[in-house]
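Here is the structure we will look at, set down as structure tokens.
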Amino acid sequence: MLKSMRNIGIMAHIDAGKTTTTERILYYTGKSHRIGEVDDGEAIMDWMEQEQERGITIQSAATTTYWKRAEGGTPYQINIIDTPGHVDFTAEVERSLRVLDGAVAIFDAVRGVEPQTETVWHQAERYKVPCIGYVNKMDRVGADFFQVLEDVQAKLGAITAALQIPIGKESGFEGVIDLIDMREIRWDSSNDGEAMMYSPIAPERAALAAEWRDKLIDLLSNTSEAITDLYLSGEAIPPELIRQELRKAVLNRDLLPMLAGASRRNMGVQPLIDAVVDYLPAPDEVAPALGHNLKKEEDVAVPCDPAGTPLGLVFKIQNDREAGSLCYVRMYSGAIKPGAVIYNVGKKKRERANRILRMHSNKSEPLDELSAGDIGVVIGMKLAQTGDTVGSEGWPVVLETMQFPEPVISVSIEPKTMSEQEKLKEILALLAKEDPTFTTRENDETGQLIISGMGELHLDVLKTRILKEYNVGAKVGNPQVTYRESVSKIVEHTETFSKVLAGKENTATLTLKVEPLPRGSGNRYTCAARNKAVPEAIYDAVERGITGAFASGIVLGYPCIDVGITLTDLKYSELTGTEFAYEACASLGADEACRTAEPILLEPIMAVDLVSPKEFVGEVISLVTQRGGQVMSMDSKVAADEVKAQAPMAKMFGFMTALRSVSQGRATFTMVFSHFEKKSDR
Ligand SMILES: Nc1nc2c(ncn2[C@@H]2O[C@H](COP(=O)(O)OP(=O)(O)OP(=O)(O)O)[C@@H](O)[C@H]2O)c(=O)[nH]1
Ligand SMILES: [Mg+2]
Numbered sequence: 054m055l056k057s058m059r060n061i062g063i064m065a066h067i068d069a070g071k072t073t074t075t076e077r078i079l080y081y082t083g084k085s086h087r088i089g090e091v092d093d094g095e096a097i098m099d100w101m102e103q104e105q106e107r108g109i110t111i112q113s114a115a116t117t118t119y120w121k122r123a124e125g126g127t128p129y130q131i132n133i134i135d136t137p138g139h140v141d142f143t144a145e146v147e148r149s150l151r152v153l154d155g156a157v158a159i160f161d162a163v164r165g166v167e168p169q170t171e172t173v174w175h176q177a178e179r180y181k182v183p184c185i186g187y188v189n190k191m192d193r194v195g196a197d198f199f200q201v202l203e204d205v206q207a208k209l210g211a212i213t214a215a216l217q218i219p220i221g222k223e224s225g226f227e228g229v230i231d232l233i234d235m236r237e238i239r240w241d242s243s244n245d246g247e248a249m250m251y252s253p254i255a256p257e258r259a260a261l262a263a264e265w266r267d268k269l270i271d272l273l274s275n276t277s278e279a280i281t282d283l284y285l286s287g288e289a290i291p292p293e294l295i296r297q298e299l300r301k302a303v304l305n306r307d308l309l310p311m312l313a314g315a316s317r318r319n320m321g322v323q324p325l326i327d328a329v330v331d332y333l334p335a336p337d338e339v340a341p342a343l344g345h346n347l348k349k350e351e352d353v354a355v356p357c358d359p360a361g362t363p364l365g366l367v368f369k370i371q372n373d374r375e376a377g378s379l380c381y382v383r384m385y386s387g388a389i390k391p392g393a394v395i396y397n398v399g400k401k402k403r404e405r406a407n408r409i410l411r412m413h414s415n416k417s418e419p420l421d422e423l424s425a426g427d428i429g430v431v432i433g434m435k436l437a438q439t440g441d442t443v444g445s446e447g448w449p450v451v452l453e454t455m456q457f458p459e460p461v462i463s464v465s466i467e468p469k470t471m472s473e474q475e476k477l478k479e480i481l482a483l484l485a486k487e488d489p490t491f492t493t494r495e496n497d498e499t500g501q502l503i504i505s506g507m508g509e510l511h512l513d514v515l516k517t518r519i520l521k522e523y524n525v526g527a528k529v530g531n532p533q534v535t536y537r538e539s540v541s542k543i544v545e546h547t548e549t550f551s552k553v554l555a556g557k558e559n560t561a562t563l564t565l566k567v568e569p570l571p572r573g574s575g576n577r578y579t580c581a582a583r584n585k586a587v588p589e590a591i592y593d594a595v596e597r598g599i600t601g602a603f604a605s606g607i608v609l610g611y612p613c614i615d616v617g618i619t620l621t622d623l624k625y626s627e628l629t630g631t632e633f634a635y636e637a638c639a640s641l642g643a644d645e646a647c648r649t650a651e652p653i654l655l656e657p658i659m660a661v662d663l664v665s666p667k668e669f670v671g672e673v674i675s676l677v678t679q680r681g682g683q684v685m686s687m688d689s690k691v692a693a694d695e696v697k698a699q700a701p702m703a704k705m706f707g708f709m710t711a712l713r714s715v716s717q718g719r720a721t722f723t724m725v726f727s728h729f730e731k732k733s734d735r
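The numbering used here runs 53 ahead of the 1-based position in the sequence shown.
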């Protein structure tokens, strides 16, 4: 039943308590029988060894649970994806948001909106994902629910609607006042907060509760006539009507409902699960997925219809030693059954779905069918990659794919013995298939393997996985910047190729125009020399040669970006013109043309967000400027200052240690790739 299904993600800055909250959701919904604590390395959702050792989430993990909203009612199926908060793993958040219908944004009650929360919030905005907010850690010293509300409005531009206000705070945090049913809620700590205790609002809190209830009604009356009418006539507004109207406002992203709790203390979680059911959309309540019909060359909307033609998106691939590739699929239309033939639309290849599973973190159960709106795992597809559309041969529609950030730092990796070289390459290929922000390449001259990723932590995690999980002895170099190469001049170049192979002559002649494109455009190949007399396969060969040349760089072997290459002329001889000759000719021609088009080196510039206690902010800023950084803005808050800066990646290695030492360990930072800039000596 679509109406009773929810696909939700839990997202926030690192350490806000996403996994801790998810573990409670699993416990209260009866999915787990014991609370798995992050601090003891026992969280069910953080199942990877390194997640448990480091106490952070690295991969997004999916699970399904059921929740009855009312006694005797139908259970709601909730598919939950717990995402990592560290910036190095934003790709995990990106792919999750792409396939989710709603999200829970968690805020630390002391820290409010942290930099990574802002980033994921904007991602959610891009995908128009309706959200609810949960202010966690109300038990911490310095917790301030109302301050967080203000921070959310100011920084995220969301209109917050408090559905609760806290009773007490810090160690005196007792529970919440529910502003819809107007009652106090407390949790029984003797049974892990499973039992909730309701009581009337205490007289000393009545005025504040009334004030916040009024604010809620006031907000709703902006979008709801029914509420306005009752309000004006002075009649009581039934809780059911409030929920119903609030639901509409949330689905429209007009309001952000806010709840409070302390998940670690088992307080606040059940009303959050209720809110997921009450305010976040069912799969058929969001805008239909957007696809592109390859044959008709037109965009199509794909409504969520289990009876339609099958269509789904592969959003994650995980390698399992026994089962092979686990392909996580979100179905948008139709249904697939185990044993069915599945068509990979982009790759134009048929594959078989041997088995279909429902995942519970790293455990699974077999499914008879995966249908529109639902999320599951398909086993048996070997060719599928993250972002691929799978469906049916008769309906060539590809769904919008996902965009991932550019990897900007690299390390070299060398096997301890030559015999392990091949094994290492296989493992790197497996890891790259799982993680679209991890790339590997071989240095043409030295034969050295280079792996690239999002940041120092990302590469460190991968390194440890290679050494420990896959048990390969390897020597890993120090992190380096992954530069890019580009051109700065327009050049036209004619290349001629001729080679005798096995007694047969292979010739090709073509002219290419190379030009610089604006920063951030990526590479572009255009064919402007089409001639009906030349077979299509020859043009495909030219395109392959050029795409290969983009990847292999110009002078230093770093990948090219923002380079445009146009095929302006092509001479063809039926007798000797072979695909091989044209691919080689295009590749050599592109290299030569780029070399004469004044190649330049581009370096990654990072956006650095710092949060520092006031007394250290001077030292923090000078640390950033010493490293070639530029301060872009500063914002002063009660407890801390926030500094936004940009700095070249090349100078940011080991920044964390330096920052700790100038701030007695109290300043924090996040760093993400911003853009490429011509390398200078700033
Ligand atoms: N005081 C207090 N601590 C909490 C609360 N909830 C979580 N924590 C602690 O905060 C730390 C981080 O919790 P996690 O649940 O791992 O946070 P996360 O958001 O999943 O972190 P990442 O996945 O690494 O981004 C742990 O030490 C938790 O015990 C809370 O309500 N109060
Ligand atoms: Mg986590």
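By construction, the Cβ of each residue, glycine as well, lies at the ideal position given by its N, Cα and C atoms. In this text, all values refer to a predicted model and were calculated from it rather than measured experimentally.
query, result
"Among F457, W240, A406, which has the Cα closest to the Cα of L436?", "A406"
"A69 and D161: beta carbons closer than 8 Å?", "yes"
"Quick check: what's the CA-CA separation for Q105 versus D93?", "8 Å"
"Could you tell me whether the segment 513-527 touches the segment 445-462, where touching means 3 or more Cβ pairs closer than 8 Å?", "no"
"Could you say which of T72, R151, E167 lies nearest to S665 if we only look at CA atoms?", "E167"
"Only counting the same chain, and skipping five residues up and downstream in sequence, which positions put a Cβ closer than 6 Å to that of R735?", "Here R735 scores only 47 on pLDDT, less than 50, and its place in the model should not be relied on; the value that follows carries that caveat. Taken in chain order, the residues that qualify are G681."
"Near V152, what residues of its chain come up, given a Cβ to Cβ distance below 6 Å and the 5 sequence neighbours on each side ignored?", "F368, R383"
"Taking DSSP as the reference, what is the three-state secondary structure of T117?", "strand"
"Is any heavy atom in ligand 1 found nearer than 7 Å to the beta carbon of S316?", "yes"
"Indicate the three-state DSSP secondary structure (helix, strand or coil) for S733 in the structure shown.", "coil"
"Going by the beta-carbon positions, is the gap between K516 and E467 smaller than 8 Å?", "no"
"Taking 7 Å as the cut-off, is the CB of D93 close to at least one heavy atom of ligand 2?", "no"
"For a test of the three-state rule: what should DSSP assign to L565, helix, strand or coil?", "strand"
"Assuming the contact rule is C-beta atoms closer than 8 Å, G314 and Y187 should be a hit. Round their C-beta distance to whole Å, please.", "6 Å"
"Give the list of continuous beta strand (DSSP E) stretches no shorter than 3 residues that lie fully inside the segment 367-444.", "377-386, 394-397, 402-405, 408-413, 416-419, 428-432, 442-444"
"Report yes if the C-beta distance between Y578 and L655 is below 8 Å; otherwise report no.", "no"
"When the distance is taken between beta carbons, is L563 closer than 8 Å to D622?", "yes"
"I'd like to know if the segment 586-594 and the segment 537-548 are in contact, where contact means that at least 3 CB-CB pairs between them fall below 8 Å.", "no"
"State the start and end residues of the unbroken beta strand (DSSP E) segment that holds A158.", "155-161"
"For the beta strand (DSSP E) containing M54, list its first residue and its last residue.", "Premise fails: M54 is in no beta strand (DSSP E) and is neither H nor E."
"Classify K301 as helix, strand or coil using the three-state DSSP reduction.", "helix"
"What's the gap between the Cα of V146 and the Cα of D488?", "12 Å"
"Decide if the segment 634-649 is in contact with the segment 593-606; the criterion is three or more beta carbon pairs, one per stretch, under 8 Å apart.", "yes"
"Within 10 angstroms of its Cβ, does T710 collect 16 or more other Cβ (buried), or is it exposed?", "exposed"
"Following a CB-centred definition, is K71 positioned closer than 7 Å to any heavy atom of ligand 2?", "yes"
"Might you give, ordered along the chain, the residues of its own chain that have their beta carbon closer than 6 Å to the beta carbon of Y33, omitting 5 neighbours on each side?", "Past the boundaries of the shown model lies residue 33; the chain is included only from 54 to 735, so the question cannot be answered."
"Run through DSSP, which three-state label would R87 get?", "coil"
"Report yes if the C-beta distance between Q533 and V608 is below 8 Å; otherwise report no.", "no"
"From which residue to which residue does the beta strand (DSSP E) around T549 run?", "544-554"
"Apply the 10 Å Cβ neighbour rule to M702 and answer buried if 16 or more other Cβ atoms are within range, or exposed otherwise.", "buried"
"Compare the Cα-Cα distances from L312 to each of S57, A214, L379 and report the closest residue.", "A214"
"Is it a yes or a no for the segment 193-201 touching the segment 122-140, going by three-plus beta-carbon pairs under 8 Å?", "no"
"Roughly how many angstroms lie between the CA atoms of P183 and C647, to the nearest whole one?", "46 Å"
"Quick check on this structure: which residue in F669, L676, E651, A650 has the alpha carbon closest to the alpha carbon of V661?", "L676"
"Give the range of the alpha helix (DSSP H) segment to which C613 is assigned.", "Premise fails: C613 is in no alpha helix (DSSP H) and is neither H nor E."
"Where are the beta strand (DSSP E) runs, 3 residues long or more, that stay fully inside the segment 237-315, in chain order?", "249-252, 309-313"
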